[in-house]
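Numbering (our numbering), first residue to last: 2 to 102.
Cβ coordinates follow ideal geometry from the N, Cα and C atoms, glycine included.
Worksheet: the structure to be examined is printed underneath.
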C-alpha cells in the first residue's frame, strides 16, 4: 500500500514538472516571437543596417557618394554594432522576464 501511494505521489510530481516545462517552453516561444519584432537601425557615414531580434538583416542602405572600400568599412561597422547591441538588448529582456542567462 505504501509503495502505491509513493508511486502516485512521484507520478503527480513528474506530471506537474512536465506541465511546468511545457509552460516555460510556451513562454520562451512567445518571447522569441516578441524578439523578432525588435528592430534596431545602425548608421555610419550614410550606410545603414536594420536588424531584428532574430539576428536577421532586414534592410541595408548604401551611400553612393562613398567609395566602395569606405562603404564596405561602414557596412562592417554597422553589422558588428548591430550584432553587439541586439545581443545586449535580448539578454536584458531575458533577465527582466525571469529567464536570466
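According to DSSP, what are the bridge partners of residue i?
i          : result
residue 60 : 51
residue 44 : 49
Could you say which of the options lies nearest to residue i if we only look at CA atoms?
i          : options        : result
residue 59 : 66, 21, 50     : 50
residue 41 : 23, 61, 31, 25 : 61
residue 52 : 24, 23, 91     : 91
residue 66 : 47, 82, 10     : 47
residue 98 : 78, 72, 32, 85 : 32
residue 94 : 71, 38, 13     : 38
residue 81 : 13, 68, 45, 63 : 45
residue 63 : 57, 56, 43     : 43
residue 88 : 14, 71, 56     : 56
Taking the beta carbon of residue i as the centre, do at least 16 other beta carbons fall within 10 Å, making it buried, or is it exposed?
i          : result
residue 35 : exposed
residue 96 : exposed
residue 54 : buried
residue 18 : exposed
residue 2  : Per-residue confidence for residue 2 stands at a pLDDT of 48, beneath the threshold of 50, marking its modelled position as unreliable; the derived number appears in the next sentence. Exposed is the call here.
residue 26 : exposed
residue 23 : exposed
residue 76 : buried
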